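*Asks:*
There are 4 protein chains.
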Amino acid sequence: MTGLRYSTDGPDMALLTAVFTPFTETGGLALDTVQKQADDLVAWGSAAAYIGGTAGEGASLSTEERMALAERWCEVADGRLDVIVHVGHSSLVEARRLAAHAESAGAKAISAVAPYFHRPETVAALVDACAAIADAAPGLPFTYYHIPSMTGVNLRASDVLLVARDKIPTFAGVKFAHNDMVDLQRCLHLAGGQHEVFVGVAKLVLAAWQSGARAAIGSVYNFAGPLFRRLLDHAVRGELAEARAGQQLAQQVIDTAARYGGELAGFKALGALSGVDCGGCRPPLVSPGPEQLALLRAEVTELGFLDTGH
Amino acid sequence: MTGLRYSTDGPDMALLTAVFTPFTETGGLALDTVQKQADDLVAWGSAAAYIGGTAGEGASLSTEERMALAERWCEVADGRLDVIVHVGHSSLVEARRLAAHAESAGAKAISAVAPYFHRPETVAALVDACAAIADAAPGLPFTYYHIPSMTGVNLRASDVLLVARDKIPTFAGVKFAHNDMVDLQRCLHLAGGQHEVFVGVAKLVLAAWQSGARAAIGSVYNFAGPLFRRLLDHAVRGELAEARAGQQLAQQVIDTAARYGGELAGFKALGALSGVDCGGCRPPLVSPGPEQLALLRAEVTELGFLDTGH
Amino acid sequence: MTGLRYSTDGPDMALLTAVFTPFTETGGLALDTVQKQADDLVAWGSAAAYIGGTAGEGASLSTEERMALAERWCEVADGRLDVIVHVGHSSLVEARRLAAHAESAGAKAISAVAPYFHRPETVAALVDACAAIADAAPGLPFTYYHIPSMTGVNLRASDVLLVARDKIPTFAGVKFAHNDMVDLQRCLHLAGGQHEVFVGVAKLVLAAWQSGARAAIGSVYNFAGPLFRRLLDHAVRGELAEARAGQQLAQQVIDTAARYGGELAGFKALGALSGVDCGGCRPPLVSPGPEQLALLRAEVTELGFLDTGH
Amino acid sequence: MTGLRYSTDGPDMALLTAVFTPFTETGGLALDTVQKQADDLVAWGSAAAYIGGTAGEGASLSTEERMALAERWCEVADGRLDVIVHVGHSSLVEARRLAAHAESAGAKAISAVAPYFHRPETVAALVDACAAIADAAPGLPFTYYHIPSMTGVNLRASDVLLVARDKIPTFAGVKFAHNDMVDLQRCLHLAGGQHEVFVGVAKLVLAAWQSGARAAIGSVYNFAGPLFRRLLDHAVRGELAEARAGQQLAQQVIDTAARYGGELAGFKALGALSGVDCGGCRPPLVSPGPEQLALLRAEVTELGFLDTGH
């Protein structure tokens, strides 16, 4: 057991939010916005903020910016909310710096993707890379973040889990961001009650809950946390039809947003419409313009998403 | 014209070396080795050192290390050799810092891969990213480094060239590291006498020379510069059979080295055997051990590579 | 409604078997074996035999062989078992011949993959191809067989369903053989009570059942039908722990068999060990030899698969 | 030596045409057109007709149609032109039937792609499949047709050549349809004077000629044979600038045609404009309509292609 535990033996599912990074109009960090983001998460009951990951555009920030962001989040979370800092980087030197900093800043845990320029070719090489990062923050639980579409590292997450749990003293589990339900199920089976498997694909949340998953991390909770909260409550009470209707609405909202700049820029735009405005994305991502935003707003209103208090 | 010009109207081909980054046994930068590397390049006539790229494991270094390395190279080059600094990064903020630093350190030019975590999805977005980097070193020529196998960005280099030359005042050309000879030929055609197209695949050097290319950048010149020099001299004199025999030997040496850790760790190992020893690779790359090194030495000796003074 | 209906409003899941094609030692059709196969399916309650598909190596048979096989199955099924004939082919001319023949031979339904040499590039072109096939057997329900790993056609199955149901009078549904649970869920949602969605990945059967799927087609039921029958019975009775244990055992058996020649040759070998012996696979597939078969037998016995009457 | 030899020790390059299959308006075979096609090839000096391959939509024909087509070509060729019959099929049974038929019909040689539904996973399995086909036409030279984009078989052609030449008594060489110039060069090197390497990518013809290739097969020669003939004549006379200009014009024509339905439907449309009209493509390919044809004609006329007698 590693000190990072959101799943329980009960049916409830913990929702952790992979928060957007707020930018000013000129593209700098808008650290003032973090307070509002944290308050919003606390309000609807998000279990933690996962910062500087894919949705947080961590790879588009400088190391200094990533540190400033981590510090700000630890400050405003103030015990009301766990802060998990994503420290993955193409350079293990920078990743270790970020890991050590996260520990000193008061984060609850760290997490990292595989190195994504020079990529590990074997599970052993990948676990060694993770171990080097985890070792720089020896007091914090470490979660491997599996997201092959971004890293190009296609090694099975369940194979990584199998090796990492023996090699990394602080190994806490896997954040699984991939549509491959077979590998996800194998992770859940191998994890047993010992490690976390965070579902990282919002469209699979209900299916994964039915397969036994009890924790999820995603950017969709930036704007649809309450919707997922409700659909999971239905599921827990055995109201499966209502749960599926909620998941279905979520799917439609996600597909709609994705047509406005992909799952990152489109999601961030929807977040601005339905919650805290974190501005646009940094290049090379391209954010929707005002006209497109108006269309997006109309489409999700039509779906009944914005009206229902999401 | 941009001030970066290695190709001439004549038949000669310029060879620029994508230098390895030297590491100590414990994995730190071995800056003392740079002097030897530079002397070696000057000795056989390499036109320039391209530093911190794929072969230089730039993505595995911290920003501080990349700056220290650039400074050291500018120092030891001392006018005898051009220094081109690769400044590509997943974060444009860091890439711009590296670009500005390269200019102040006295580099001849900069170059960058596409952002490789959040990736540009259109040629326009990619050129915008390149423009942002180039703009941070306004006095230096900028070369786009096309290497889809590492970046996952598969936009055609010739399409990038077509747009970039109008959008980036300091645009100098393309470093083309891909087997797609059709796209390479289109780049050569579009470049005309105005921009450089650096052949980035050593196995295609002779074929690309025959197609009109007059400049190449590669890591293979760390250990096989003289071999390529000679085979191109044959080609220039119209001795095609001898040129092809040289290219063929190069192919065999490359294939052999690649079996000992891939084109990066294997090449670096061969470099240690046949030239300046730059140590192993940083994780997540895995370098061959002493036993494997002995086998590699035996294999390339058998090929006649090490005996002939390469 | 199309006359092909296995799903009910109740919780039961129908299991249809994608049967192996039996070969003699010299590689010819072993039509005598079909009787035994049909008896076995009837014995444990398989709802139908799906013949000449991927597991049936239809693409490795001649058209004449495919017809002979279809006739034999219709004969031996004799009303005890539905026969669904896969008629997909790289040539629509041959596919139409096979479709018309299936109807005249007395099959219950037809099904086809997308053309897989010259591939449709749009959903419209794919649906047109399906319509041409369906039209040759106007009295039989048509099911689109989605299996991108074999056909190279990556168009979303749910998009195909959406168009095909309006364009093909006999459209019955989709056989979904892909790990992408998100697309599968969208198919289930769109199908409503109107069309079938056959789960085609055995490892996802329980998860898909939980998502509302009520019918599956797979080759794994050639040897593990009773095991899946039991695990689904547990699920229906709300005994989720037992259901998951069964799915987990199935996973291990599948992974084990796949190590002996992939999911086709390995499965067929396991089928020979635990049920009706259909011989090896045709080239270019490579079947495990006697030594490997012994190892496979030992491994699955160790898992408790062969002992428990599976 | 195998009796299939187009390359000479001299500088000339043989051009073999991968002919289109002519269809009537209702999609049937238009065998009457074959005479005109053959006359055209003889007129400009094509060395052979390669029939029923990718451009010939062999995979979209029935086996009976493929046989009728082969017979017709052997008839009209009448010694003026070699006929090479592509007999590749997803089923080796059908491929062997086609091979035996080609021999009896009087073809000069056979050729086949790898099986493309159930695919060989190793070079050994692929060569075994080729051997089975070659064995059915023991008197005809056999050429392996490497085209990974269609077959999904990515095994290196040079590795296939290395094994096939020892295992297949009638092995004649490789038709190489892939942009990977490195593998092509290795094929040329390994082939020596013993086997043919047919360049299968028209855009690489000049580069491949410079690398030593002396034979090419392509569909582009259906409409641009004389253009390639002329550019190669320039190359042979050492007029490299003129040769490159010709290759460049070819590139533009190819890119233009490809925008009207891809390299197959677009090429066939251009063939109808500039030579023998073979009608449209069979589904699932989609041919350009009359309006698009007019645009295509305007574009290639603008390029100077149609006016110059190509």
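Residue numbers (the numbering used here), protein chains in the order written: chain A, 1 to 310; chain B, 1 to 310; chain C, 1 to 310; chain D, 1 to 310. Using N, Cα and C, we set each Cβ at its ideal position, and we do this for glycine too. Nothing here was measured: the structure is a model prediction, and the numbers come from that model.
1. Rounded to whole angstroms, what's the CA-CA distance from Val163 (chain A) to Phe198 (chain B)? Just pull it up for me.
2. Which residues, in chain order, does the stretch 178-207 of chain A contribute to contact with chain B at a C-beta distance below 7 Å?
3. Shorter than 9 Å from the beta carbon of Arg165 (chain D) to some beta carbon of chain C?
4. Keeping to the same chain, check which residues put their C-beta closer than 7 Å to that of His101 (chain C); ignore five residues upstream and five downstream.
5. Write down every uninterrupted run of the alpha helix (DSSP H) in the stretch 267-305 of chain C whose length is 4 residues or greater and which is fully enclosed by it, in chain order.
6. Does Thr21 (chain C) get closer than 9 Å to chain D when you measure Cβ to Cβ?
7. Below 7 Å CB to CB, which residues in the same chain sit around Ala191 (chain B) once its five sequence neighbours on both sides are set aside?
8. If contact is defined by three or more beta carbon pairs under 8 Å, each pair taking one atom from either stretch, is the stretch 247-260 of chain A in contact with the stretch 199-210 of chain A?
9. Determine the chain B residues that contact Leu61 (chain A) at a beta-carbon separation under 9 Å, and present them in chain order.
10. Tell me the rounded alpha-carbon separation between Gly246 (chain C) and Gly212 (chain C).
11. With DSSP as the reference, label Ser46 (chain B) as helix, strand or coil.
12. Have a look at Met1 (chain C) and His195 (chain C) and give me their C-alpha separation to the nearest angstrom.
13. In angstroms, rounded to a whole number, what distance separates the CA positions of Leu295 (chain A) and Val85 (chain D)?
14. Counting Cβ pairs, one atom from each stretch, are 3 or more of them under 8 Å apart for the stretch 126-135 of chain D and the stretch 5-19 of chain D?
15. Can a CB atom of chain C be found closer than 9 Å to the CB of Gly262 (chain D)?
16. If you run the structure through DSSP and keep just helix, strand and coil, what is Tyr221 (chain B)?
17. Between His86 (chain D) and chain C, is the shortest Cβ-Cβ distance under 9 Å, so that the two count as touching?
18. Determine the chain A residues that contact Glu115 (chain B) at a beta-carbon separation under 7 Å, and present them in chain order.
19. Going along chain C, which residues have a C-beta under 7 Å from Gly152 (chain D)?
20. For Val42 (chain B) and Arg80 (chain B), I'd like the C-alpha separation in whole angstroms.
21. List the residues of chain A whose Cβ lies closer than 9 Å to the Cβ of Ala129 (chain B), in chain order.
22. Less than 9 Å separating the beta-carbons of Tyr116 (chain A) and Gly88 (chain A)?
23. By Cβ distance below 7 Å, which residues in the same chain neighbour Glu103 (chain A) in space, the five residues on each side in sequence not counted?
24. So what does DSSP say about Ala136 (chain D), is it helix, strand or coil?
25. Count the other C-beta atoms from every protein chain shown that fall within 10 angstroms of the C-beta of Pro290 (chain C), then say buried if there are 16 or more, exposed otherwise.
26. Can at least three beta-carbon pairs, one atom from the stretch 22-30 of chain D and one from the stretch 208-226 of chain D, be found at a separation below 8 Å?
27. Closer than 9 Å by beta-carbon distance: list the chain D residues that pair up with Glu65 (chain C), in chain order.
28. So Ala38 (chain A) and Ala77 (chain A) are supposed to be a Cβ contact under 8 Å. How far apart are they, rounded?
29. Which value, in whole angstroms, describes the spacing of the CA atoms of Arg186 (chain A) and Ser158 (chain A)?
30. Please list, in chain order, the residues of the stretch 32-43 of chain C that have any C-beta partner in chain A closer than 9 Å.
31. Residue range of the beta strand (DSSP E) that Leu16 (chain A) falls in?
32. Roughly how many angstroms lie between the CA atoms of Ala47 (chain B) and Cys74 (chain B), to the nearest whole one?
33. Is there contact here, the stretch 50-64 of chain C with the stretch 105-120 of chain D, by at least three beta-carbon pairs under 8 Å?
34. So which of A:Gly275, A:Arg230, A:Arg96 and A:Met181 has the shortest CA-CA distance to Thr33 (chain A)?
35. Closest to Pro288 (chain D) by C-alpha separation, out of D:Arg96, D:Asp40, D:Gly261 and D:Phe305, would be which residue?
36. Using the rule of at least 16 other Cβ atoms within 10 Å of the residue's Cβ for burial, across every protein chain shown, is Ala207 (chain B) buried or exposed?
*Replies:* The short version:
1. One-based indexing of the first sequence puts residue 163 (chain A) at position 163. One-based indexing of the second sequence puts residue 198 (chain B) at position 198. The straight-line gap from Cα to Cα measures roughly 42 Å.
2. none
3. Along the fourth sequence, one-based indexing puts residue 165 (chain D) at 165. Chain C, which has no Cβ nearer than 9 Å to the Cβ of Arg165 (chain D), makes this no.
4. The residue given as residue 101 (chain C) occupies position 101 in the third sequence. For His101 (chain C), where only same-chain residues beyond five positions count, the Cβ hits under 7 Å are Met67 and Ala70.
5. 290-302
6. The residue you call residue 21 (chain C) lines up with position 21 of the third sequence. Answer no: the Cβ-Cβ gap between Thr21 (chain C) and chain D never drops below 9 Å.
7. Taking the second sequence and counting its residues from 1, the one referred to as residue 191 (chain B) is at position 191. Cβ within range, chain order: Leu161, Gly173 and Val197.
8. yes
9. Residue 61 (chain A) sits at position 61 when you count from the first residue of the first sequence. Correct list: Ser91, Val93 and Glu94.
10. In the third sequence, residue 246 (chain C) corresponds to position 246, counting from 1. In the third sequence, residue 212 (chain C) corresponds to position 212, counting from 1. Whole-angstrom Cα-Cα distance: 19 Å.
11. Along the second sequence, one-based indexing puts residue 46 (chain B) at 46. Coil at Ser46 (chain B), not helix or strand.
12. Position 1 of the third sequence, counted from the first residue, corresponds to residue 1 (chain C). Position 195 of the third sequence, counted from the first residue, corresponds to residue 195 (chain C). In this prediction, Met1 (chain C) has a pLDDT of 42, which is less than 50 and means its spatial position is unreliable; what the coordinates show is noted afterwards. One C-alpha to the other measures close to 7 Å.
13. Against the first sequence, residue 295 (chain A) aligns to sequence position 295. Against the fourth sequence, residue 85 (chain D) aligns to sequence position 85. In a straight line, the C-alpha of Leu295 (chain A) is about 56 Å away from that of Val85 (chain D).
14. no
15. Position 262 of the fourth sequence, counted from the start, is the residue given in the question as residue 262 (chain D). Yes - at least one Cβ of chain C is within 9 Å of the one on Gly262 (chain D).
16. Taking the second sequence and counting its residues from 1, one reaches residue 221 (chain B) at position 221. Of the three classes helix, strand and coil, the one that applies to Tyr221 (chain B) here is helix, per DSSP.
17. Locating residue 86 (chain D) in the fourth sequence gives position 86, counting from the first residue. No, His86 (chain D) lies away from the interface with chain C (no Cβ there is under 9 Å from its Cβ).
18. Residue mapping note: residue 115 (chain B) aligns to position 115 of the second sequence, counting from 1. Checking the sequence shown, residue 115 (chain B) turns out to be Pro, not Glu. Under the 7 Å cutoff, chain A gives Pro284.
19. The sequence position of residue 152 (chain D) within the fourth sequence is 152, counting from 1. Those are Gly152, listed as they occur along chain C.
20. Here the question's residue 42 (chain B) lines up with position 42 in the second sequence. Here the question's residue 80 (chain B) lines up with position 80 in the second sequence. Taking the straight line joining both Cα atoms gives about 7 Å.
21. Walking along the second sequence from the start, residue 129 (chain B) turns up at place 129. Neighbours of Ala129 (chain B) on chain A, chain order: Pro283 and Pro284.
22. Here residue 116 (chain A) corresponds to residue number 116 of the first sequence, with the count starting at 1. Here residue 88 (chain A) corresponds to residue number 88 of the first sequence, with the count starting at 1. In this structure, Gly88 (chain A) lies closer than 9 Å to Tyr116 (chain A) by Cβ.
23. Locating residue 103 (chain A) in the first sequence gives position 103, where the first residue counts as 1. Excluding positions up to five away in sequence, the list reads Ala137, Gly139 and Leu140.
24. In the fourth sequence, residue 136 (chain D) corresponds to position 136, counting from 1. The answer is coil: DSSP assigns Ala136 (chain D) none of H, G, I, E or B.
25. The count along the third sequence starts at 1 and reaches residue 290 (chain C) at position 290. So Pro290 (chain C) ends up on the exposed side.
26. no
27. Start at 1 with the first residue of the third sequence, and residue 65 (chain C) comes out as number 65. The contacting residues are Ser91 and Val93.
28. Sequence index remark: in the first sequence, residue 38 (chain A) carries index 38 (1-based). Sequence index remark: in the first sequence, residue 77 (chain A) carries index 77 (1-based). Confirmed, about 6 Å.
29. Counting from 1 along the first sequence, the entry for residue 186 (chain A) is found at position 186. Counting from 1 along the first sequence, the entry for residue 158 (chain A) is found at position 158. Straight-line Cα distance between these residues: approximately 6 Å.
30. none
31. Walking along the first sequence from the start, residue 16 (chain A) turns up at place 16. Residues Ala14 to Ala18.
32. Along the second sequence, read from residue 1 onward, the residue named residue 47 (chain B) stands at position 47. Along the second sequence, read from residue 1 onward, the residue named residue 74 (chain B) stands at position 74. About 14 Å.
33. yes
34. Start at 1 with the first residue of the first sequence, and residue 33 (chain A) comes out as number 33. For the residues A:Gly275, A:Arg230, A:Arg96 and A:Met181, the minimum Cα distance to Thr33 (chain A) belongs to A:Gly275.
35. Here residue 288 (chain D) refers to the residue found at position 288 when the fourth sequence is read from its first residue. Per the Cα distances, D:Gly261.
36. Position 207 of the second sequence holds residue 207 (chain B). Under this definition Ala207 (chain B) is a buried residue.
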